[in-house]
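Since the structure comes first, as structure tokens, the remarks are kept for the end.
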Amino acid sequence: MRYPGRNPGSVRRRTVGALALALALVAGAPAVTAAATATAPGGKEPARIPVVFLRDDEPPVIPLSLLDPVIEDPGVQGARLAVADNQTTGRFMGQSFELVEVTLPEGDPAEAVRALAGEGHRFFVADLRADRLLAVADLPELRDALVFNARATDDRLRNADCRANVLHTAPSRAMLADALAQYLMYKRWTNWFLVQGRGDDDALYAEALRRAAKRFGAKIVDEKTWAFAAGSRRSDSGHTTEQAEIPAFTQGAAHDVVVVADEGEAFGEYIAYRTFRPQVVAGTHGLVPTAWARVHEQWGATQFQDRFEKLAGRIMAPRDYGAWMAVRSIGEAATRARSADPAAIAAYIRDPRFTLAAFKGVGVTIRPWDGQYRQPVLLAGPRILVSVSPQPGFLHEHSELDTLGHDRPESGCRLPGR
Amino acid sequence: MTTSALTAAIAVAAVLVAAPIAAAQAYTIYTSNEKDNTISVIDGTTLEVTATIPVGQRPRGITLSTDNKLLYICTSDDNHIEVLDLEKNSVVRILPSGPDPELFALHPDGRHLYIANENDNMVSVVDVQAGKLLAEIPVGVEPEGMGLNPDGSILVNTSETTNMAHFIDTKTHEIVANVVVGSRPRVARFTPDGRHVWVSAEIGGDVAVIDSDTREIVHTIEFAIQGIKPEAIQPVGIEMTADGKQAFVALGPANRVAVIDMATYEVTRYVLVGQRVWNVALAPDGKRLFTTNGVSNDVTVIDVDRMRAIKSVPVGRMPWGVVVRP
Numbered sequence: 001m002r003y004p005g006r007n008p009g010s011v012r013r014r015t016v017g018a019l020a021l022a023l024a025l026v027a028g029a030p031a032v033t034a035a036a037t038a039t040a041p042g043g044k045e046p047a048r049i050p051v052v053f054l055r056d057d058e059p060p061v062i063p064l065s066l067l068d069p070v071i072e073d074p075g076v077q078g079a080r081l082a083v084a085d086n087q088t089t090g091r092f093m094g095q096s097f098e099l100v101e102v103t104l105p106e107g108d109p110a111e112a113v114r115a116l117a118g119e120g121h122r123f124f125v126a127d128l129r130a131d132r133l134l135a136v137a138d139l140p141e142l143r144d145a146l147v148f149n150a151r152a153t154d155d156r157l158r159n160a161d162c163r164a165n166v167l168h169t170a171p172s173r174a175m176l177a178d179a180l181a182q183y184l185m186y187k188r189w190t191n192w193f194l195v196q197g198r199g200d201d202d203a204l205y206a207e208a209l210r211r212a213a214k215r216f217g218a219k220i221v222d223e224k225t226w227a228f229a230a231g232s233r234r235s236d237s238g239h240t241t242e243q244a245e246i247p248a249f250t251q252g253a254a255h256d257v258v259v260v261a262d263e264g265e266a267f268g269e270y271i272a273y274r275t276f277r278p279q280v281v282a283g284t285h286g287l288v289p290t291a292w293a294r295v296h297e298q299w300g301a302t303q304f305q306d307r308f309e310k311l312a313g314r315i316m317a318p319r320d321y322g323a324w325m326a327v328r329s330i331g332e333a334a335t336r337a338r339s340a341d342p343a344a345i346a347a348y349i350r351d352p353r354f355t356l357a358a359f360k361g362v363g364v365t366i367r368p369w370d371g372q373y374r375q376p377v378l379l380a381g382p383r384i385l386v387s388v389s390p391q392p393g394f395l396h397e398h399s400e401l402d403t404l405g406h407d408r409p410e411s412g413c414r415l416p417g418r
Numbered sequence: 419m420t421t422s423a424l425t426a427a428i429a430v431a432a433v434l435v436a437a438p439i440a441a442a443q444a445y446t447i448y449t450s451n452e453k454d455n456t457i458s459v460i461d462g463t464t465l466e467v468t469a470t471i472p473v474g475q476r477p478r479g480i481t482l483s484t485d486n487k488l489l490y491i492c493t494s495d496d497n498h499i500e501v502l503d504l505e506k507n508s509v510v511r512i513l514p515s516g517p518d519p520e521l522f523a524l525h526p527d528g529r530h531l532y533i534a535n536e537n538d539n540m541v542s543v544v545d546v547q548a549g550k551l552l553a554e555i556p557v558g559v560e561p562e563g564m565g566l567n568p569d570g571s572i573l574v575n576t577s578e579t580t581n582m583a584h585f586i587d588t589k590t591h592e593i594v595a596n597v598v599v600g601s602r603p604r605v606a607r608f609t610p611d612g613r614h615v616w617v618s619a620e621i622g623g624d625v626a627v628i629d630s631d632t633r634e635i636v637h638t639i640e641f642a643i644q645g646i647k648p649e650a651i652q653p654v655g656i657e658m659t660a661d662g663k664q665a666f667v668a669l670g671p672a673n674r675v676a677v678i679d680m681a682t683y684e685v686t687r688y689v690l691v692g693q694r695v696w697n698v699a700l701a702p703d704g705k706r707l708f709t710t711n712g713v714s715n716d717v718t719v720i721d722v723d724r725m726r727a728i729k730s731v732p733v734g735r736m737p738w739g740v741v742v743r744p
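Keeping their order, the protein sequence lines are chains P and B. Going by my numbering, the first residue of the first sequence is number 1, and it counts up by one from there. Going by my numbering, the first residue of the second sequence is number 419, and it counts up by one from there.
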């Protein structure tokens with residue numbers, strides 16, 4: 001995308017200067033003559049573009065299924081792949097990308113992040129939970145930085161707790177739930193039995209499902225909370241317990257689908273094939289709405305998955321994809337703005353016309369009202385891709401992608417100038 | 419109307435009706451069917467499928483040998499090129515290609531095949547006579563489109579994630595220029611006079627016209643179709659008439675082929691075709707255009723004079739590439 005000849009009148013004043021410069025540079029579109037080497041055109045040192053990857057030292061999530069890998073390095077592998085992708089372009093452009101991987105200390109992260117800002121860093125990719133993300137983004141030293149939320153799906157970060165310096169590559173829970181709801185409505189499976197776990201995240205996921213049901217006309221006919229303790233993923237003759245527990249647990253008003261909210265991996269995997277009625281299972285388990293899944297191979301994703309697996313030695317998870325989108329956005333903007341200047345790159349990303357090709361069939365763009373990346377959501381079965389939302393027939397006056405999540409009129413994000 | 423005028427009119431009509439038959443040159447259409455691992459053969463006169471030939475896994479790019487006796491096929495998931503003998507309708511030879519060949523271009527010398535290795539960030543050069551890999555040229559991420567200029571001195575390769583058109587000197591195998599184009603560039607095609615190269619951008623939704631000498635974008639062709647969301651307009655395949663006057667661009671899920679006046683770059687028409695149209699090829703006489711439609715699993719036949727679809731020919735699943743053999 002080159003933003004050709006369009007009136008940048010809707011762009012905020014601060015960005016106009018930088019954008020105009022970018023436009024002027026791009027409009028001429030001079031060919032960059034360079035051999036396929038790491039040196040910049042004219043033999044100059046390539047311009048450095050560092051990106052900070054922030055994570056916490058957390059125990060990994062242990063999935064219930066033994067087939068799912070325990071991922072010890074979530075997120076960062078996606079960022080590394082994006083740096084490699086950016087680097088391939090960069091060697092033709094005289095730009096060099098660099099990932100600075102930082103594990104934040106326990107407790108207040110302020111000092112560590114301040115030090116990074118002090119070194120001149122302006123791009124931060126956060127594989128952090130919501131509270132930690134806000135603790136970082138709210139530091140005055142990061143006011144002019146760009147913080148990418150590559151992980152937290154919390155809807156509050158797109159509403160009351162939105163921040164001017166935060167962009168969300170991760171889809172919100174509302175987007176995921178809406179994507180699932182559209183498909184279930186398309187199938188006319190309108191009566192849902194909601195089962196949620198005991199964790200706070202489970203409650204938030206359940207809340208997103210309730211909102212989606214209301215939005216698209218489904219009915220939650222019954223709700224239950226899984227009361228048993230999480231238990232171990234391995235246990236001898238464990239299946240007998242689940243075979244006894246689940247049918248009783250899933251008795252309730254007549255329904256078409258069991259929707260599961262179990263982000264904590266406590267029980268969701270046990271539901272399918274054991275329900276009281278012969279039922280479809282969807283949500284965090286069964287048919288899963290997700291930003292990324294191994295079963296997806298369309299729109300060039302084959303090569304992308306292969307590249308990732310070669311690099312990381314494991315399959316790509318949604319957090320990796322979120323981090324990849326963030327770092328690739330910086331690369332894309334640096335290429336198109338033909339600049340390594342953080343302000344020019346940020347201005348390019350923040351322009352409403354910014355588009356990233358992200359293996360989802362349509363370009364991914366950013367909602368100006370809350371900083372959320374608009375993106376199709378995959379509906380992944382355990383072994384095959386089932387569908388991709390938005391579903392046909394869910395129309396929108398601007399972009400069908402805005403039928404997923406909090407659209408502009410319903411957004412609770414209030415930022416000056418938006 | 420006088421009798422003589424009527425007679426004349428009938429005579430003209432008779433000529434018009436007879437003309438396509440009289441002028442018709444026998445030709446054959448070939449499509450690669452990505453999902454079925456087959457090549458469909460369509461008779462250009464009857465517009466019926468006459469054969470379906472099993473080939474290797476995930477056939478995508480296809481191109482004819484210079485003598486039109488062989489069809490080279492990128493069987494991507496088998497990581498090689500298959501050579502289909504068009505008299506025998508069977509694969510007679512396997513050529514090396516480097517990993518995951520997607521698209522390629524055959525040099526006018528008929529001997530050098532330039533192959534985009536989508537999974538390996540390389541362009542491979544293969545000698546089709548010797549059956550040998552001659553060179554690997556490092557390019558951007560996910561190389562895809564391959565276009566040679568008429569004398570074969572310059573190759574343009576597009577890289578989908580790097581979003582560039584790389585100009586490669588075919589003698590030295592050096593990249594001589596890189597032009598940033600729209601997002602996810604797919605096909606590179608030189609104009610018949612060699613002065614420009616057109617590059618389609620699937621996600622960018624446009625076609626860049628690059629000057630072959632200055633290697634600058636001199637024009638960007640944009641598309642707008644009433645009732646179709648801009649994100650559904652995804653240009654992929656490009657075909658041009660031999661006289662360099664008219665171009666056709668397949669617009670993917672917009673289910674249209676754009677007809678472009680090559681002098682003014684104006685889109686003169688959008689022709690409705692099958693679903694997710696990816697590639698296009700003209701008949702040798704330029705009177706018909708054939709499109710591969712990946713979702714509706716068919717080929718649309720367009721009457722070029724009337725600029726409308728006249729027939730859909732069902733082929734294998736997910737038809738991808740299309741060529742016409744005189």
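C-beta atoms are modelled at their ideal positions from N, C-alpha and C, and glycine is treated no differently.
DSSP bridge partner residues for residue i (one or two, in chain order)
i	result
residue 532(B)	523(B) and 543(B)
residue 185(P)	Its beta-bridge partners do not exist; DSSP assigns none.
residue 629(B)	614(B)
residue 127(P)	55(P)
residue 169(P)	Its beta-bridge partners do not exist; DSSP assigns none.
residue 687(B)	677(B)
residue 637(B)	627(B)
residue 461(B)	446(B)
Proximal chain B residues relative to residue i, where beta-carbon distance stays under 8 Å
i	result
residue 92(P)	558, 580, 582, 584, 593 and 596
residue 215(P)	What residue 215(P) touches in chain B: nothing, since even the nearest Cβ is about 21 Å away.
residue 355(P)	601, 621 and 622
Cβ-based burial, residue i [other Cβ within 10 Å; buried from 16]
i	result
residue 406(P)	buried
residue 65(P)	exposed
residue 67(P)	exposed
residue 298(P)	exposed
residue 395(P)	exposed
residue 532(B)	buried
residue 735(B)	exposed
residue 398(P)	exposed
residue 443(B)	exposed
residue 552(B)	exposed
residue 254(P)	exposed
residue 490(B)	buried
residue 688(B)	buried
residue 742(B)	buried
residue 636(B)	exposed
residue 723(B)	exposed
Amino acids of chain B, ordered along the chain, whose beta-carbon sits closer than 9 Å to that of residue i
i	result
residue 397(P)	Simply none; closest approach about 11 Å.
residue 408(P)	What residue 408(P) touches in chain B: nothing, since even the nearest Cβ is about 17 Å away.
residue 335(P)	580, 581, 582 and 598
Contact list for residue i against chain B, beta-carbon separation under 7 Å
i	result
residue 300(P)	560 and 578
residue 363(P)	601, 621 and 649
residue 85(P)	559 and 579
Proximal chain P residues relative to residue i, where beta-carbon distance stays under 7 Å
i	result
residue 539(B)	88
Partner residues on chain P for residue i, Cβ-Cβ distance less than 9 Å
i	result
residue 518(B)	302, 303 and 306
residue 536(B)	300, 302 and 303
- Query: Contact between the stretch 385-392 of chain P and the stretch 650-664 of chain B: three or more CB pairs below 8 Å?
  - Reply: Cβ pair count under 8 Å is below three, so no.
- Message: Measuring CB atoms only, is the stretch 665-675 of chain B touching the stretch 685-700 of chain B, in the sense that at least three cross pairs come out at less than 8 Å?
- Response: yes
- Message: Assess contact between the stretch 240-250 of chain P and the stretch 154-162 of chain P, defined as three or more Cβ pairs (one per stretch) separated by less than 8 Å. Is contact present?
- Response: no
- Run through the stretch 338-394 of chain P for me and flag every whole alpha helix (DSSP H) of 4 or more residues, listed as ranges in chain order. Within the stretch 338-394 of chain P, the complete alpha helix (DSSP H) runs of at least 4 residues are 342-350.
- Which ranges would you report for the alpha helix (DSSP H) in the stretch 218-297 of chain P if only whole runs of at least 4 residues count? 238-249 and 268-271
- For the stretch 574-593 of chain B against the stretch 614-624 of chain B, are there 3 or more C-beta pairs whose distance is under 8 Å? yes
- Message: Pairs of beta-carbons, one from the stretch 175-184 of chain P and one from the stretch 201-218 of chain P, closer than 8 Å: are there three or more?
- Response: yes
- the stretch 737-744 of chain B contacting the stretch 703-721 of chain B, beta-carbon criterion three pairs below 8 Å: yes
- Message: If contact is defined by three or more beta carbon pairs under 8 Å, each pair taking one atom from either stretch, is the stretch 373-382 of chain P in contact with the stretch 346-353 of chain P?
- Response: no
- Message: Could you check whether the stretch 339-346 of chain P touches the stretch 181-196 of chain P, counting it as contact only if at least three pairs of C-beta atoms, one from each stretch, sit closer than 8 Å?
- Response: The stretch 181-196 of chain P and the stretch 339-346 of chain P do not touch, with fewer than three beta-carbon pairs separated by less than 8 Å.
- Item | In chain order, each beta strand (DSSP E) run of at least 3 residues that lies wholly inside the stretch 60-142 of chain P | Within the stretch 60-142 of chain P, the complete beta strand (DSSP E) runs of at least 3 residues are 95-104 and 123-127.
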